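Peer 1: The structure is given below, and queries will be raised subsequently.
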Amino acid sequence: MHKSVSRLLALAVNACKYSAEAFLRVDVLLLVCTFIGPTVSPVIRRKTNCCTSHIDFDLRLLWRRPQGLHNRTACLQMWRRGTMDFLLQALFSPLPTPAIISLFAVAAATLFYLNSRPAPLRTPADLKRQTLGVKNGARKTALLKGNNNLIRYCYDDATTLYEVFQRGLKVSGNGPCLGHRKPGRPYQWLKYRQVSDRAEHLGSGLLHRGLKPNTDTFIGIFAQNRPEWIIGELACYTYSMVAVPLYDTLGPEALVFIIDRAEISTVLCDNQGRAETLLQNREGGQSPVLKTIVVMDSFDPELVKRGAQCGVDVVSMQDVEVLRAPPKPDDLSIVCFTSGTTGNPKGAMLTHENVVSNAPPVPTTQDVSISFLPLAHMFERVVQTVMYGSGARVGFFQGDIRLLPDDMKALRPTIFPVVPRLLNRVYDKVQSGSLGGRVRVMVTGAAPISPSVLNFLRAALGCQIFEAYGQTECTAGCTFTMPGDATSGHVGAPLPCNIVKLVDVEEMNYFASNGEGEVCIKGVNVFKGYLKDPEKTTEALDEDRWLHTGDIGKWLPSGVLKIIDRKKNIFKLAQGEYIAPEKIENVYVRSGPVAQVFVHGDSLQSCLVAIVVPDPDVLPGFAKSLGCQGSAEDLCKRTEIKKAILSDMTKLGREAGLKSFEQVKDVHLHPEQFTIENGLLTPTLKAKRAELKALFQPQIDTLYANIQ
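The opening position of the sequence shown corresponds to residue 4 in the working numbering, with each subsequent residue numbered one higher.
What follows is the structure in structure tokens.
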């Protein structure tokens, strides 16, 4: 330790020596170093070649073994006298001109630092008591304090999504709004007035084509993130119509279902390929309600003839853009169909008030966000609303996620909405420059993020990273981590627009009296219900309009919420896709060599793995066809057998229409059956998932490690 300190002090002495004794004299440092030990002074003298004539006694005397108390006392008295004489001489002796200049330079630099250093983040509430109890065991954010009313909007002049955008136009002074770029080119910007005018013209053109300006008119938007997506959405809001996002990942059957369920007669799509998809469905006798397709890009004129043959009018967006009827806060604004886990998608009906209440005034007119998360998801929709309400800018990525780092460098966003899967990639290779160098706020949601990743990125990136929790039915968010709270492993306190309570889940031994239970939400941001599906609506909303999320939560001592389990056997992967493991297992169990299968996913992982029990009657013959022989235990260890079984399972998955993220990426073969006797099956022969996970956790960890 003495040696390390000696080196540091020697460096400091040299720095002072070569700056003409500025700020601290070499002699002062020599005196200070005597507190460290007898090895320090010689090292400094040797390293600096400094003279120590000011010190008229041997400082190392203090470390010699004293002959008695008198010697020690005399030594200390002599040291004090020498020290005082030395300090007086060092402090009051005249300094040379270079030293005086150096002192002024140091003072100026210090003053500049004090005036320009970042101000510490002020926490808006006591981080040890982030929530307050209300009646019936529910809790609200401490930000509301004595106010018992939940927030419905943040600005008096922005109570609907239409008014939010108009406010952005006003406060930005018609500043830049929507940005887009071509490969290798800088961002080009549409100003707020341009966007507003185009939306008004587009909406007017749709009305002239027979649509009605009310909340019974649903407009489909089938496009990738781009300025025209927002223009189309704003056109709906300008005339009190309802936007219904459509996206490919739901699958072709779901696309037809949504158009029929919502009775969508007009769809805005971005290119000819998506227009052809819609026409193909129409030509097959599906989606009879579809009458008009508005295409954003240029397209082959033959598409118009093809549409006419099946009764669909195909027109360009420019031709339609050629009367306003603004909505009210409780009017329907958007129907967002959730991906669901089994069966058909459910259309969550959200009002203007639902969305506006969930959009805090975080940005300024100088902020910039990048849009790459699907606009069909409410997380991205809320982020966009937040930006427009503050007159901020939104730049769109080029459409290729592989080019996102290039887009980030060109746009240099200050606000970055992100999902944990992308944060994990940043964690694997931290390059703050790849984020543009200006990011000050990051918001993550859709799935949990590892506390270790979150803590590391907060330190490495030097920006605020907030974690949100919610679902489509509560307009994306219901809790949010508090500014200034650097702890992790939780999802924060309730938003000011809602309250949260936990209810008993007896079958899983979770009780509200213990601060655990199913998370239920009530507030301004809770949806109206599912479109034309009263049965599902009743399942989600109780008679007091509490939204039952199906997630199990726990209140921590600081008043924040931690998600600890799922009420049903449904979970999300790291990128936010819902997984219904039983559905996948029912597909894979049809594989010849498979007797039983347990599909497992982790919300911190981006893929699925499985534990497979081979059929004991089929395995020997299956192995022989691969040139393998041996006992069941030996065969389960053979790599070629595992690969063959996984290949067969993947083939069945494709044939059954499983999406890529629903396919397992690796398997572990286990020779023993799951039975009631060994505690892995219930009396009704259903898998005990918790017990299976606990038993095979080492194998699961190994599978994920091998994948990575």
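Cβ coordinates follow ideal geometry from the N, Cα and C atoms, glycine included.
Just so we're clear, the structure is a prediction, and the values are computed from it rather than from any experiment.
Does the distance from the C-beta atom of residue 543 to that of residue 588 stay below 8 angstroms?
Peer 2: As a first step, residue 543 must be located in the sequence shown, where it is residue number 540. As a first step, residue 588 must be located in the sequence shown, where it is residue number 585. Not closer than 8 angstroms, so no.
Peer 1: Just the C-alpha distance for residue 562 and residue 141, rounded to the nearest angstrom, thanks.
Peer 2: Here residue 562 refers to the residue found at position 559 of the sequence shown. Here residue 141 refers to the residue found at position 138 of the sequence shown. Distance between the alpha carbons of residue 562 and residue 141: 12 angstroms.
Peer 1: Specify the secondary structure class of residue 671 as computed by DSSP and reduced to three states.
Peer 2: Locating residue 671 in the sequence shown gives position 668, where the first residue counts as 1. Strand, per DSSP.
Peer 1: If you run the structure through DSSP and keep just helix, strand and coil, what is residue 380?
Peer 2: As a working note, residue 380 is residue 377 in the sequence shown. Of the three classes helix, strand and coil, the one that applies to residue 380 here is coil, per DSSP.
Peer 1: Pull up the distance between the alpha-carbon of residue 443 and that of residue 492, whole angstroms please.
Peer 2: Residue numbering aside, residue 443 sits at position 440 when the sequence shown is read from its first letter. Residue numbering aside, residue 492 sits at position 489 when the sequence shown is read from its first letter. Rounded to the nearest angstrom, the two C-alpha atoms are 21 angstroms apart.
Peer 1: Figure out for me which residue from 611, 328, 501 and 215 has the closest Cα to the Cα of residue 656.
Peer 2: The residue you call residue 656 lines up with position 653 of the sequence shown. Checking every option, the nearest Cα to that of residue 656 belongs to 611.
Peer 1: How close, in whole Å, do the beta carbons of residue 225 and residue 293 come, if the pair is a contact with beta carbons under 8 angstroms?
Peer 2: On the sequence shown, position 222 is the one that residue 225 refers to. On the sequence shown, position 290 is the one that residue 293 refers to. So it is not a contact: roughly 11 angstroms between Cβ atoms.
Peer 1: Please confirm if residue 699 has its CB atom under 8 angstroms from at least one CB of chain D.
Peer 2: Included in the structure is just one protein chain, with no chain D present.
Peer 1: I need the boundaries of the alpha helix (DSSP H) containing residue 195, first residue and last residue.
Peer 2: Position 192 of the sequence shown, counted from the start, is the residue given in the question as residue 195. Residues 195-211.
Peer 1: At what residue ranges does the segment 342-425 contain a whole run of the alpha helix (DSSP H), taking only runs of 4 or more?
Peer 2: Whole alpha helix (DSSP H) segments, 4+ residues: 355-360, 381-392 and 407-414.
Peer 1: Do you know whose CA, among 290, 243, 269 and 234, lies nearest residue 255's CA?
Peer 2: For the purposes of this step, residue 255 is taken as residue 252 along the sequence shown, with counting starting at 1. Among 290, 243, 269 and 234, the Cα nearest to that of residue 255 is on 290.
Peer 1: Kindly indicate which residue of 512, 390, 528 and 520 has the alpha-carbon position closest to the one of residue 501.
Peer 2: Position 498 of the sequence shown holds residue 501. Ranking the options by Cα distance to residue 501, first place goes to 528.
Peer 1: For residue 467, write down the residues that DSSP places opposite it in a beta bridge.
Peer 2: In the sequence shown, residue 467 corresponds to position 464, counting from 1. Note: residue 467 sits in a beta bridge opposite 444.
Peer 1: As a quick exercise: from 115, 426, 623 and 192, pick the residue whose alpha carbon is nearest that of residue 641.
Peer 2: Translated into positions along the sequence shown, residue 641 becomes position 638. The candidate whose alpha carbon is nearest that of residue 641 is 623.
Peer 1: How big is the Cα-Cα spacing for residue 265 and residue 581?
Peer 2: On the sequence shown, residue 265 is found 262 positions in, with the first residue counted as 1. On the sequence shown, residue 581 is found 578 positions in, with the first residue counted as 1. Roughly 23 angstroms separates the two Cα atoms.
Peer 1: Within its chain, find whatever has a CB closer than 7 angstroms to the CB of residue 602; leave out the 5 residues flanking it on each side and keep chain order.
Peer 2: As a first step, residue 602 is located in the sequence shown; it is residue number 599 there, counting from the start. Correct list, in chain order: 584, 587, 588, 611, 613 and 667.
Peer 1: Using a 10 Å radius around the Cβ and a threshold of 16 neighbouring Cβ atoms, would you call residue 597 buried or exposed?
Peer 2: Sequence index remark: in the sequence shown, residue 597 carries index 594 (1-based). Buried.
Peer 1: For residue 339 versus residue 248, is the C-beta spacing smaller than 8 angstroms?
Peer 2: Numbered from its first residue, the sequence shown carries residue 339 at position 336. Numbered from its first residue, the sequence shown carries residue 248 at position 245. Contact flag set, yes.
Peer 1: Among the candidates 389, 351 and 341, whose CA atom is the shortest distance from the CA of residue 364?
Peer 2: Translated into positions along the sequence shown, residue 364 becomes position 361. The shortest C-alpha separation from residue 364 is found at 389.
Peer 1: Ignore the nearest five residues each way along the sequence and tell me which others in residue 250's own chain have a CB closer than 8 angstroms to its CB.
Peer 2: Indexing the sequence shown from 1 puts residue 250 at position 247. Result list for residue 250: 225, 377 and 379, in chain order.
Peer 1: Express the C-alpha separation of residue 385 and residue 397 in angstroms, rounding to a whole number.
Peer 2: For the purposes of this step, residue 397 is taken as residue 394 along the sequence shown, with counting starting at 1. For the purposes of this step, residue 385 is taken as residue 382 along the sequence shown, with counting starting at 1. Each residue's alpha carbon lies about 13 angstroms from the other.
Peer 1: Are the CB atoms of residue 446 and residue 164 within a distance shorter than 8 angstroms?
Peer 2: In the sequence shown, the residue the question calls residue 164 occupies position 161. In the sequence shown, the residue the question calls residue 446 occupies position 443. Taking 8 angstroms as the Cβ cut-off, residue 164 and residue 446 do not qualify as a contacting pair.
Peer 1: If I measure Cβ to Cβ from residue 315 and keep anything under 8 angstroms in the same chain, skipping five residues before and after, which residues do I get?
Peer 2: Along the sequence shown, read from residue 1 onward, the residue named residue 315 stands at position 312. 281, 282, 285, 293, 294, 295 and 296, listed in sequence order.
Peer 1: Span of the alpha helix (DSSP H) holding residue 536?
Peer 2: Locating residue 536 in the sequence shown gives position 533, where the first residue counts as 1. Run containing residue 536: none; DSSP gives neither H nor E here.
Peer 1: Is it true that the segment 165-182 meets the segment 509-526, where meeting means three or more beta-carbon pairs spaced less than 8 angstroms apart?
Peer 2: At 8 angstroms Cβ cutoff, the stretches do not touch.
Peer 1: Return helix, strand or coil for residue 160, following the three-state DSSP convention.
Peer 2: Position 157 of the sequence shown, counted from the first residue, corresponds to residue 160. Looking at residue 160 - three-state DSSP - the assignment turns out to be coil, as it is neither helix nor strand.
Peer 1: Can you tell me where the beta strand (DSSP E) holding residue 521 begins and where it ends?
Peer 2: For the purposes of this step, residue 521 is taken as the residue at position 518 of the sequence shown. Taken as a continuous stretch (DSSP letters only), the beta strand (DSSP E) holding residue 521 covers 519-526.
Peer 1: Considering only C-alpha positions, which residue in the set 573, 522 and 298 is nearest to residue 692?
Peer 2: The residue you call residue 692 lines up with position 689 of the sequence shown. Cα-wise, what sits closest to residue 692 is 573.
Peer 1: Tell me whether the beta-carbon of residue 371 lies closer than 8 angstroms to the beta-carbon of residue 414.
Peer 2: Looking up residue 371 in the sequence shown gives position 368. Looking up residue 414 in the sequence shown gives position 411. Yes. Within cutoff.
Peer 1: Below 8 angstroms on the Cβ atoms is my guess for residue 267 versus residue 244; work out the distance and round it to an integer in Å.
Peer 2: Taking the first residue of the sequence shown as position 1, residue 267 is located at position 264. Taking the first residue of the sequence shown as position 1, residue 244 is located at position 241. So it is not a contact: roughly 11 angstroms between Cβ atoms.
Peer 1: Please say whether residue 672 and residue 716 have beta carbons closer to each other than 8 angstroms?
Peer 2: As shown, the chain starts at 4 and ends at 711. That puts residue 716 outside it, with no answer to give.
Peer 1: Should residue 630 go down as buried or exposed, given a rule of 16 or more other Cβ atoms within 10 Å for buried?
Peer 2: Within the sequence shown, residue 630 is the residue found at index 627, counting from 1. That one is exposed.
Peer 1: Could you tell me the distance, in whole angstroms, from the CA atom of residue 605 to the CA atom of residue 452?
Peer 2: To locate residue 605, count along the sequence shown from 1; it is residue 602. To locate residue 452, count along the sequence shown from 1; it is residue 449. Rounded to the nearest angstrom, the two C-alpha atoms are 11 angstroms apart.
Peer 1: Run through DSSP, which three-state label would residue 137 get?
Peer 2: Residue numbering aside, residue 137 sits at position 134 when the sequence shown is read from its first letter. If DSSP states are grouped into helix, strand and coil, residue 137 belongs with coil.
Peer 1: Classify residue 301: buried if its beta carbon has 16 or more other beta carbons within 10 angstroms, exposed otherwise.
Peer 2: Residue 301 sits at position 298 when you count from the first residue of the sequence shown. That one is exposed.
Peer 1: So is residue 468 buried or exposed if we call it buried at 16+ other beta carbons inside 10 Å?
Peer 2: Position 465 of the sequence shown, counted from the start, is the residue given in the question as residue 468. Buried, because 16 or more other Cβ atoms sit within 10 Å of the Cβ of residue 468.
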